[in-house]
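Read top to bottom, the protein sequences are chains A and B. Okay, so the first sequence: first residue is 9 according to the numbering used here, each after it adds one. Okay, so the second sequence: first residue is 9 according to the numbering used here, each after it adds one. Contents: one structure, followed by commentary.
2 protein chains.
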Amino acid sequence: MQDQGLLGELIKNLCCLPGIGPKSAQRMAFQLLQGERLGAEKLANTLLKAIEKIGYCQQCRTLTEEVLCHICSQTSRDQSVLCIVESPADVWVVDQATLFKGVYHVLHGRLSPLDGIGPDELGLDLLEQRFSQGKIKEIILATNATVEGEATAYFIAELAKKHQVQASRIAHGVPMGGELEFIDSGTLSHAFKGRNDMI
Amino acid sequence: MQDQGLLGELIKNLCCLPGIGPKSAQRMAFQLLQGERLGAEKLANTLLKAIEKIGYCQQCRTLTEEVLCHICSQTSRDQSVLCIVESPADVWVVDQATLFKGVYHVLHGRLSPLDGIGPDELGLDLLEQRFSQGKIKEIILATNATVEGEATAYFIAELAKKHQVQASRIAHGVPMGGELEFIDSGTLSHAFKGRNDMI
Numbered sequence: 009m010q011d012q013g014l015l016g017e018l019i020k021n022l023c024c025l026p027g028i029g030p031k032s033a034q035r036m037a038f039q040l041l042q043g044e045r046l047g048a049e050k051l052a053n054t055l056l057k058a059i060e061k062i063g064y065c066q067q068c069r070t071l072t073e074e075v076l077c078h079i080c081s082q083t084s085r086d087q088s089v090l091c092i093v094e095s096p097a098d099v100w101v102v103d104q105a106t107l108f109k110g111v112y113h114v115l116h117g118r119l120s121p122l123d124g125i126g127p128d129e130l131g132l133d134l135l136e137q138r139f140s141q142g143k144i145k146e147i148i149l150a151t152n153a154t155v156e157g158e159a160t161a162y163f164i165a166e167l168a169k170k171h172q173v174q175a176s177r178i179a180h181g182v183p184m185g186g187e188l189e190f191i192d193s194g195t196l197s198h199a200f201k202g203r204n205d206m207i
Numbered sequence: 009m010q011d012q013g014l015l016g017e018l019i020k021n022l023c024c025l026p027g028i029g030p031k032s033a034q035r036m037a038f039q040l041l042q043g044e045r046l047g048a049e050k051l052a053n054t055l056l057k058a059i060e061k062i063g064y065c066q067q068c069r070t071l072t073e074e075v076l077c078h079i080c081s082q083t084s085r086d087q088s089v090l091c092i093v094e095s096p097a098d099v100w101v102v103d104q105a106t107l108f109k110g111v112y113h114v115l116h117g118r119l120s121p122l123d124g125i126g127p128d129e130l131g132l133d134l135l136e137q138r139f140s141q142g143k144i145k146e147i148i149l150a151t152n153a154t155v156e157g158e159a160t161a162y163f164i165a166e167l168a169k170k171h172q173v174q175a176s177r178i179a180h181g182v183p184m185g186g187e188l189e190f191i192d193s194g195t196l197s198h199a200f201k202g203r204n205d206m207i
C-alpha cells in the first residue's frame with residue numbers, strides 16, 4: 009500500500025509500542041480514529057503530560073512526577089531495608105506480589121561490559137552513598153535471573169559487604185505449579201542447591 | 009497497587025487500545041517513559057493531529073485527511089466498479105491482497121436490526137445515489153462472512169438489481185493451505201455449493 013499520509017504516519021508511530029507490529033498498529037489506528045476519538049485524544053494528552061512531568065525519584069530512581077516517589081515518601085515504610093531491582097516496572101511487580109514493606113533502588117539496567125554498561129551507568133555511586141549514610145541495614149537483590157542480572161547482584165553484594173550491609177538474593181528454583189519434567193536443567197540444579205529444610 | 013497519579017492515568021488510557029490489557033499497558037507505559045520519550049512524543053502529537061485532521065472521504069466514506077481519499081482521486085482507477093466493504097481497514101486489506109483496480113464504498117458496519125443498525129446507519133442512501141448517477145456498472149460485495157455480513161450483502165444486491173447494476177459476492181470456501189479435516193461444516197458445505205469447473 010502506498011504512503012497514506014497522516015494515517016500511515018500514525019501507524020508507523022504506533023509501531024514504537026512494545027510488542028506492536030505493523031498489523032496490530034494498523035488495527036489500533038483504525039479503532040482510535042473510528043469509535044474511540046475521545047479516548048484517543050485523552051490518551052495523546054495524557055502521554056504528552058506524562059512525558060513532560062514524569063521524572064526519576066531522587067532517592068530510588070523509579071519513575072515519578074514528584075521529587076520523591078510515593079514509596080520513598082511513605083513514612084510507614086522501613087527505610088532500612090532496600091530491595092534492588094533492574095527497572096521501575098520491577099518495583100510494581102515486587103510491590104504487587106509480595107508483602108515487602110521496605111523501600112527500593114532502581115538500577116535502570118544491569119552490568120553488561122560488552123554494551124558499555126558499567127557501575128557508573130547503573131548509578132551505583134548513588135547506592136554507595138545511601139550505604140555510607142549508615143541508615144541501610146539490609147538489601148534484597150531482586151535483579152533478573154539472567155547471567156547479567158546475577159553478575160550485577162554479586163557486584164552489589166560485594167559493595168554492601170564493604171559497608172557492613174547484609175545482602176540477600178531472591179530464591180531461584182522451580183516456579184509454583186511447575187512440573188519437574190518441563191523445567192530446564194539450570195533451574196533444577198539451582199533448585200537442588202537451594203533446597204530448604206522442611207518442618 | 010495504589011493510584012499512581014499520572015503514570016496510573018497513562019496506563020488506564022493505554023487500555024483503550026484494542027487487544028491491550030492492564031499488563032501490556034503497564035509495559036507500554038514504562039517503555040514509553042524510559043527509552044522512548046522522543047518516539048512517545050511523536051506518537052502523541054501524530055495522534056492529536058490525526059484526530060483533528062482525518063475525516064471521511066465524501067465519495068466512499070473511508071478514512072482520509074482530504075475531501076476525496078487517495079483511491080477515489082486516482083484517475084487510473086476504474087470508477088465503474090465498486091467494492092463494498094464493512095470498514096476502512098477492509099479497504100487496506102483488499103487493496104493489499106488483490107489486484108482490484110476499481111473504487112470502494114465503506115459501510116462502517118453491517119445491518120443488525122437488533123442493535124438498531126438499519127440501512128440509514130450504513131449510508132445506503134449515499135450508495136443508492138451513486139447507483140442512480142448511472143456511472144457504476146458492477147459491484148463486488150466484500151462484507152464479512154458472518155450472518156450479518158451475508159444479510160447486508162443480500163440487501164445491497166437487491167438494491168443494485170433495482171438500478172440494473174450487476175452484483176457479485178466474494179467466494180466462500182476452504183482457505184488456501186487449509187486441510188478439509190479441520191474445516192467447519194458450514195464452510196465445507198459452502199465450498200461444495202460454490203464449486204467451479206476445472207480446466
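We put the CB at the ideal spot given by N, CA and C, even for glycine. In this text, all values refer to a predicted model and were calculated from it rather than measured experimentally.
Through-space distance from MET206 (chain A) to ALA275 (chain A), alpha-carbon basis: No answer is possible for residue 275 (chain A): the residues shown for chain A start at 9 and end at 207.
Contact set between ARG35 (chain A) and chain B, taken where Cβ atoms lie within less than 8 Å: Taking the first sequence and counting its residues from 1, the one referred to as residue 35 (chain A) is at position 27. Per Cβ cutoff of 8 Å: PRO26, GLY27 and ALA97.
Neighbour-count burial assignment, SER95 (chain A), 16 or more Cβ in a 10 Å radius: For this step, residue 95 (chain A) is matched to residue 87 along the first sequence. Buried, because 16 or more other Cβ atoms sit within 10 Å of the Cβ of SER95 (chain A).
Within-9 Å CB hit, LEU14 (chain A) to chain B: Within the first sequence, numbered from 1, the residue matching residue 14 (chain A) stands at position 6. At least one chain B Cβ lies under 9 Å of LEU14 (chain A).
9 Å Cβ cutoff met for CYS77 (chain A) and ILE148 (chain A): For the purposes of this step, residue 77 (chain A) is taken as the residue at position 69 of the first sequence. For the purposes of this step, residue 148 (chain A) is taken as the residue at position 140 of the first sequence. Taking 9 Å as the Cβ cut-off, CYS77 (chain A) and ILE148 (chain A) do not qualify as a contacting pair.
DSSP-derived helix/strand/coil call for GLN104 (chain B): Counting from one through the second sequence, the residue named residue 104 (chain B) turns up at place 96. Looking at GLN104 (chain B) - three-state DSSP - the assignment turns out to be helix.
Beta bridge counterpart(s) of ALA175 (chain A) as assigned by DSSP: What you label residue 175 (chain A) is simply residue 167 of the first sequence in a count that begins at 1. A:ILE147.
Bridge partner(s) assigned by DSSP for VAL111 (chain A): Working through the first sequence from its first residue, we reach residue 111 (chain A) at position 103. Looking at the DSSP assignment, VAL111 (chain A) forms a beta bridge with A:LEU90.
Beta-carbon contacts of ALA153 (chain A) that lie in its chain and below 6 Å, excluding the five residues immediately before and after: Locating residue 153 (chain A) in the first sequence gives position 145, counting from the first residue. Once the five neighbours on either side are set aside, the close Cβ partners of ALA153 (chain A) are HIS180.
Per-residue contacts from THR54 (chain A) into chain B (C-beta, under 8 Å): Within the first sequence, the letter at position 46 stands for residue 54 (chain A). Result: LEU14, GLU17, LEU18 and ASN21.
Which listed residue (B:GLY157, B:GLU187 and B:ILE62) has its alpha carbon closest to that of ILE178 (chain B): Numbered from its first residue, the second sequence carries residue 178 (chain B) at position 170. Among B:GLY157, B:GLU187 and B:ILE62, the Cα nearest to that of ILE178 (chain B) is on B:GLY157.
Proximity test, Cβ basis, 9 Å: SER81 (chain B) and chain A: To locate residue 81 (chain B), count along the second sequence from 1; it is residue 73. SER81 (chain B) does not count as touching chain A.
Residues that DSSP places opposite ILE62 (chain A) in a beta bridge: For the purposes of this step, residue 62 (chain A) is taken as the residue at position 54 of the first sequence. Assignment of beta-bridge partners to ILE62 (chain A) by DSSP yields no partner.
Where PHE38 (chain A) meets chain B, residues with beta-carbon distance less than 8 Å: Numbered from its first residue, the first sequence carries residue 38 (chain A) at position 30. Here the neighbours are LEU71, SER95, PRO96 and ALA97.
Short CB-CB distance (under 9 Å) between GLN10 (chain A) and chain B: What you label residue 10 (chain A) is simply residue 2 of the first sequence in a count that begins at 1. Only weak support is given to the placement of GLN10 (chain A): the predicted model assigns it a pLDDT of 46, under 50, and the value that follows is read from those uncertain coordinates. By this cut-off, GLN10 (chain A) is an interface position.
Closest Cα partner of ARG35 (chain A) within the set B:LEU25, B:TYR112, B:GLN34 and B:SER120: For the purposes of this step, residue 35 (chain A) is taken as residue 27 along the first sequence, with counting starting at 1. Measuring from the Cα of ARG35 (chain A), the nearest candidate turns out to be B:LEU25.
Chain A residues whose Cβ lies nearer than 9 Å to that of ARG45 (chain B): The residue labelled residue 45 (chain B) in the question sits at position 37 within the second sequence. Here the neighbours are ILE59.
Closer than 9 Å to chain B by CB, GLN42 (chain A): Sequence index remark: in the first sequence, residue 42 (chain A) carries index 34 (1-based). True, the Cβ-Cβ gap to chain B drops below 9 Å.
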